[in-house]
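J.: Starting off with a structure, shown below.
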Amino acid sequence: MSTANEAPSSGPEPTAANEGRETFTMEELDRRMKGLLEVQKQLVTRDPREELSTAILLDRAHKVQQILEGHPDLSSEFTPAILFASALSGKPNLLKLAISMGADINTPAKDGMPTLVSACRTRSTTNPEIWKTLLENGVDLLANDGHFSPLQKAINNEDSELIKALIAHGVDPNQADEKGTPLYFSLHMNSIASFYTLLECKADPNIQNRGQSLLHYVPQHR
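Using UniProt numbering, you'd call the opening residue of the sequence shown number 1 and step up by one each time.
See below:
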């Protein structure tokens, strides 16, 4: 029983359960939650250049277009020509976007390689959707890299689909250069499958190379 001299109680006595436990006012809790949300916001927000580079790498053309529209200041850095050159490494969606933005169809690849040659360097890296898009948009069919023309690349890769497409778009299957006609070149490279593809495309086996007919040339390349 309390007496008149006893001070009024200020609340429940501390117990072992709540001793040392941190308590918050609603104002303090609200402040801390706002701080946490701000940190999360900073983590989510990325440099648009970094986002753009990632979208280009992953061939996400819609995302590339979205970022460029939201950040027009980046258009001078990520021009259609640059997007186009990046697309030649096997990004068909990015390629179509770059062309729709006005990229020159004959813009060289990043290493200076002619457009179509770059698109068909090796059989394993050739993406048919890339070269089909280039052909549909009027790419230079004859520009070479100083060594091989697009047709010679296709012959060497034994890519019958590309050989047929190039000839269908106007490449002469009998046009000779210092390596001879396409038929002679296919034999020289031991690309027998390409040899038969060329014959199927009406390449003339009677054209001589350095005074020799294919009858003389074939036994040397068995």
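Glycine included, every Cβ here is placed at the ideal spot set by N, Cα and C.
So, does the region 168-187 touch the region 199-209, judging by three or more C-beta pairs under 8 Å?
T.: Yes: the two stretches touch, three or more of their Cβ pairs being nearer than 8 Å.
J.: Quick one: grab the DSSP three-state call for Gly-138.
T.: Start at 1 with the first residue of the sequence shown, and residue 138 comes out as number 138. The answer is coil: DSSP assigns Gly-138 none of H, G, I, E or B.
J.: Scan the region 80-167 and note each continuous alpha helix (DSSP H) run of 4 residues or more that stays entirely inside, going in chain order.
T.: Runs found: 80-87, 92-100, 115-119, 128-136 and 150-156.
J.: Given a cut-off of 8 Å on the beta-carbon distance, is the pair Cys-120 and Leu-162 in contact?
T.: For this step, residue 120 is matched to residue 120 along the sequence shown. For this step, residue 162 is matched to residue 162 along the sequence shown. It is a contact, given that the beta carbons lie within the stated cut-off.
J.: So, for Lys-91: in the same chain, excluding its five sequence neighbours on each side, which residues have a beta-carbon less than 6 Å away from its beta-carbon?
T.: Residue mapping note: residue 91 aligns to position 91 of the sequence shown, counting from 1. For Lys-91, where only same-chain residues beyond five positions count, the Cβ hits under 6 Å are Asp-59.
J.: Keeping to the same chain, check which residues put their C-beta closer than 7 Å to that of Leu-68; ignore five residues upstream and five downstream.
T.: Reading the sequence shown from its first residue, position 68 is the one you call residue 68. Contacts found: Leu-74, Ser-75 and Phe-78.
J.: Assuming Lys-153 contacts Val-117 (C-beta within less than 8 Å), just tell me the rounded distance between them.
T.: Counting from 1 along the sequence shown, the entry for residue 153 is found at position 153. Counting from 1 along the sequence shown, the entry for residue 117 is found at position 117. With a Cβ gap of about 6 Å, Lys-153 and Val-117 count as contacting.
J.: Ile-67 lies in the alpha helix (DSSP H); which residues open and close that run?
T.: Position 67 of the sequence shown, counted from the first residue, corresponds to residue 67. Segment 61-70, the alpha helix (DSSP H) holding Ile-67.
J.: Is it right to say Leu-29 is buried, meaning 16 or more other beta carbons lie within 10 angstroms of its own, or is it exposed?
T.: As a first step, residue 29 must be located in the sequence shown, where it is residue number 29. Leu-29 comes out exposed.
J.: Do you know offhand how far Tyr-196's Cα is from Leu-97's?
T.: Position 196 of the sequence shown holds residue 196. Position 97 of the sequence shown holds residue 97. Whole-angstrom Cα-Cα distance: 37 Å.
J.: How is Phe-195 classed by DSSP in three states: helix, strand or coil?
T.: Here residue 195 is taken as the residue at index 195 of the sequence shown, counted from 1. Helix, per DSSP.
J.: Does DSSP put Asn-209 in a helix, a strand or coil?
T.: Within the sequence shown, residue 209 is the residue found at index 209, counting from 1. It is a strand residue.
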